[in-house]
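Reviewing the structure listed below.
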Amino acid sequence: MPQVPAIKIKRIISEDSGWKDSFTAFYSDCEIKKLAPGQAHAYFAAYSGSELAGHSVLYLENGRWVMDGLRVKPEFRQMGIAKRLTEARLRHAVKNGAGEVWYSCEDGNLVTICCHLGFGFEKVCPDNHRCSLATAHWYRLKITPAVLKNISATKSTLPSKIPGSRKKR
Ligand SMILES: CC(C)(COP(=O)(O)OP(=O)(O)OC[C@H]1O[C@@H](n2cnc3c(N)ncnc32)[C@H](O)[C@@H]1OP(=O)(O)O)[C@@H](O)C(=O)NCCC(=O)NCCS
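Quick note: to get this note's numbering, add 490 to the position in the sequence shown (first position is 1).
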């Protein structure tokens, strides 16, 4: 069985038309946050060769670093890609002075919640937000020495995986 090329996690430096087209196709069936012109942000993508396997964003809004848009193509799931995209975003936030990082998620999105709980995110209702069963909920990660240690031990390249050989849960 052929091997999938190693997965590389990259920050998108040039948001050129090629990237924009693949971004639009990647999120064609779901809503993705539209950033304001000039809003501080960083997109991180996972590539298998030239194929976009996963994508995510981190942006600064009202003084808070917020993670959003985490998505991995079904055939690349459960290989640790989301975790590495999140580590890359956390490192970027820390490098830019973040003392905490946020994301919001609906209660039904258990996989995404599980994916972030491991980093130490905690459910918090921020000031000016009214949490209810119908709203998405906010999660916050305070950047502590333990978090820094956790996110510094990351590799940007994953070993090759054979399709269908994902770990069992
Ligand atoms: C949520 C999502 C990003 C996870 O991606 P992934 O690359 O498969 O996740 P990882 O392999 O990095 O797993 C990270 C953690 O997530 C959790 N997780 C991932 N898949 C899981 C599953 N099927 N069941 C339970 N937990 C799971 C685990 O806690 C895992 O950590 P562990 O390996 O230490 O146990 C992916 O499932 C996805 O893209 N889902 C659809 C999201 C989407 O389309 N949202 C719309 C917004 S645009």
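By construction, the Cβ of each residue, glycine as well, lies at the ideal position given by its N, Cα and C atoms. This one's a predicted model, so the numbers in the text were calculated from it and none came from an experiment.
How about residue i and residue j: do their beta carbons lie closer than 7 Å?
{"i": "R630", "j": "E577", "result": "no"}
{"i": "A711", "j": "I503", "result": "Because the chain spans 491 through 659 in this model, residue 711 falls outside it and cannot be assessed."}
{"i": "L550", "j": "F516", "result": "no"}
{"i": "I574", "j": "I499", "result": "Just to set this straight, residue 574 is Arg in the shown sequence, not Ile. For R574 and I499, yes; Cβs fall inside 7 Å."}
{"i": "E596", "j": "A626", "result": "yes"}
Please check the pair residue i and residue j, which I expect to be a contact at CB under 8 Å, by giving their CB distance rounded to whole angstroms.
{"i": "M557", "j": "I497", "result": "M557 to I497, Cβ: 19 Å. No contact."}
{"i": "L560", "j": "T514", "result": "The pair is not a contact, with the Cβ atoms about 17 Å apart (cut-off 8 Å)."}
Near residue i, which residues of its chain fall below 6 Å by C-beta distance, leaving aside the five closest residues on each side in sequence?
{"i": "R501", "result": "A532, F534"}
{"i": "I641", "result": "E577, L580, R581"}
With a CB to CB cut of under 7 Å and the five nearest residues on each side skipped, what residues in its chain are close to residue i?
{"i": "A588", "result": "W555, I633"}
{"i": "A583", "result": "L548, W555, V591"}
Can you list, in chain order, the residues of its chain with a C-beta nearer than 8 Å to that of residue i? Leave out the 5 residues immediately preceding and following it.
{"i": "K657", "result": "Residue placement at K657 is poorly supported in this model, since its pLDDT is 46, which falls under 50; the coordinates are not used for a value here."}
Is the region 545-555 touching the region 605-612 in the sense that three or more CB pairs, one from each, lie closer than 8 Å?
No: fewer than three Cβ pairs fall under 8 Å.
Every unbroken alpha helix (DSSP H) inside the region 496-540 [4 residues or more]
For the region 496-540, whole alpha helix (DSSP H) runs of length 4 or above, ordered along the chain, are 507-516.
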